[in-house]
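Take the position in the sequence shown, starting the count at 1, then add 678; the result is the number in this note's numbering. We put the beta carbon where it would ideally sit given N, CA and C, even for glycine. For clarity, every value in this text was computed on a predicted model and none was experimentally measured. Below is one structure, written out as structure tokens; comments come after it.
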Amino acid sequence: MPYLADVDGDGRHDLLVGSRTLEDTDDERFTITVHVARSVEREGEDTFAEVEQVLDLGRSEHPVTGVGDFDGDGDDDLFRATNTLRGNGVTQVRVEAIINDDGTFTAHEPTELDVDVWGVGWFVAGDPDGDGQDEVVVTNGRRGSIGVLEQADGAFGEPAEWWAGSVGEKDWERTVFREGAPWFRQALSDVDGDGDDDLVALARVADDNGIAVGVATSDGSGFAEYEEWGSLPCATDPCPAYELVANVEPSIL
Ligand SMILES: [Ca+2]
Ligand SMILES: [Ca+2]
Ligand SMILES: [Ca+2]
Ligand SMILES: [Ca+2]
């Protein structure tokens with residue numbers, strides 16, 4: 679899935695795509711690269727320029743997760759969240775900033791998160807504190823908790839808990855075991871218009887049998903509990919699967 683992001687800070691959104699190629703069929707790992715086609719005006723016409731490779735992440739199973747201006751300098755940077763799986767369990771979860779400096783992208787040392795808390799976390803970038811610099815928000819932590827990671831000097835810090843979660847431990851473990859990541863379809867956007875990004879999620883079946891739209895508003899230093907802002911009707915039975923427009927599938931491939 680390509681992203682549109684302003685990688686050169688000129689105010690025009692550029693096209694950003696990931697690629698993975700299998701160079702050696704004996705090695706199951708792909709080579710992950712990222713490419714940009716800049717939005718330009720050429721001879722009076724708006725167009726995307728030729729595609730150029732901007733990043734080679736080498737052999738890996740993990741594509742780039744998303745974009746955000748993590749250092750607040752006006753151009754969009756990248757981040758990557760990776761899980762290590764062993765059997766049915768997640769044994770490691772890491773988040774890595776890939777900072778864009780005048781078109782040169784540099785992957786920095788990843789930060790390892792507490793796997794017991796964030797092992798099935800879901801990562802999305804936005805500006806929940808409204809200071810103009812993006813953070814990574816990790817949802818789906820233990821008991822449904824939500825954390826916010828600030829970037830400094832190329833590294834993300836430990837997640838600050840912005841919501842403690844309200845699901846009982848046993849319910850949480852049962853749900854994760856049965857369904858994997860239960861509330862992952864979330865987007866960050868300023869839906870109450872106060873300048874900081876709120877979490878919007880499609881969740882479960884609402885009272886009227888539609889799909890509930892939940893919003894956890896940000897107050898700049900924490901998220902409120904999800905409240906239902908409405909529901910999407912079910913035109914058919916069973917209910918169709920809706921996707922948020924700003925889907926957060928963790929990949930730009
Ligand atoms: Ca641009
Ligand atoms: Ca930046
Ligand atoms: Ca911010
Ligand atoms: Ca808001």
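Quick check: the Cα distance between residue i and residue j, rounded to an integer number of angstroms?
i	j	result
Trp796	Arg772	9 Å
Val742	Glu903	29 Å
Asp792	Gln770	8 Å
Ser738	Ile710	6 Å
Gly687	Glu728	18 Å
Thr699	Ile777	23 Å
Asp807	Ala830	15 Å
Arg707	Asn761	15 Å
Glu790	Gly825	14 Å
Pro788	Ala913	44 Å
Val893	Thr725	37 Å
Ser717	Leu694	10 Å
Gly689	Leu756	17 Å
Leu910	Asp704	47 Å
Ala838	Leu827	6 Å
Leu922	Thr782	Because Leu922 carries a pLDDT of 48, less than 50, the predicted location of this residue cannot be relied on, and no value is offered for it.
Ser823	Gln864	13 Å
Leu880	Arg720	41 Å
Pro860	Ala785	In this predicted model, Pro860 has a pLDDT of only 47, less than 50, meaning its place in the structure is not dependable; the value taken from the coordinates is given anyway. Using only the alpha carbons, I get a separation of about 30 Å.
Leu763	His740	12 Å
Gly722	Val712	28 Å
Val745	Leu682	9 Å
Gln731	Gly908	43 Å
Lys848	Gly696	39 Å
Report the three-state DSSP secondary structure of residue i (helix, strand or coil).
i	result
Asp688	coil
Val742	coil
Ile930	Because Ile930 sits at a pLDDT of 41, beneath the cut-off of 50, its placement in the model cannot be relied upon, and the following sentence gives the value as read from the coordinates. Reduced to three states, the DSSP call for Ile930 is coil.
Glu851	helix
Asp876	strand
Asp794	helix
Arg707	coil
Gly808	coil
Pro860	Caution is warranted here: a pLDDT of 47 is assigned to Pro860, below 50, making its placement in the model unreliable, and the coordinate value is therefore given only provisionally. In the structure shown, Pro860 sits in coil (DSSP, three-state: anything other than H, G, I, E or B).
Leu682	strand
Gly825	strand
Arg716	coil
Leu700	coil
Ala759	strand
Glu730	strand
Asp724	strand
Phe834	strand
Val869	coil
Rounded to whole angstroms, how far is the Cβ of residue i from the Cβ of residue j, which I believe are closer than 8 Å?
i	j	result
Val878	Ser867	6 Å
Phe748	Ala775	6 Å
Val854	Val802	Not really, about 19 Å apart at Cβ, beyond 8 Å.
Asp794	Arg820	7 Å
His691	Asp684	5 Å
Do you know whose CA, among the options, lies nearest residue i's CA?
i	options	result
Trp841	Val854, Glu851, Val816, Trp850	Val816
Asp872	Gly898, Asp849, Ala890	Gly898
Val845	Val712, Glu730, Asn818	Asn818
Glu813	Lys848, Ser909, Asp876	Asp876
Arg758	Trp800, His713, Asp780, Glu730	Trp800
Ala890	Gln731, Glu906, Pro837	Glu906
Asp754	Gly810, Glu723, Glu719, Leu763	Gly810
Gly804	Leu880, Asp874, Arg720	Asp874
Gly900	Gly752, Gly843, Gly736, Glu851	Gly843
Asp779	Leu735, Gly767, Gly752, Val768	Gly752
Gly767	Pro680, Val869, Glu851	Glu851
Could you tell me which residues DSSP puts in a beta bridge with residue i?
i	result
Trp800	Thr817
Leu910	Ile889
Ser899	In the DSSP output, where bridge partners are listed per residue, Ser899 has none listed.
Trp841	Ile824
Asn778	Phe783
Leu735	Paired residues: none, contrary to the question.
Gly676	Since the first residue shown for the chain is 679 and the last is 931, residue 676 is missing from the structure and cannot be characterised.
Which residues end up in the neighbourhood of ligand 5 when you take C-beta atoms closer than 7 Å to any of its heavy atoms?
Looking for ligand 5 in the displayed structure turns up nothing; the ligands present are ligand 1, ligand 2, ligand 3 and ligand 4.
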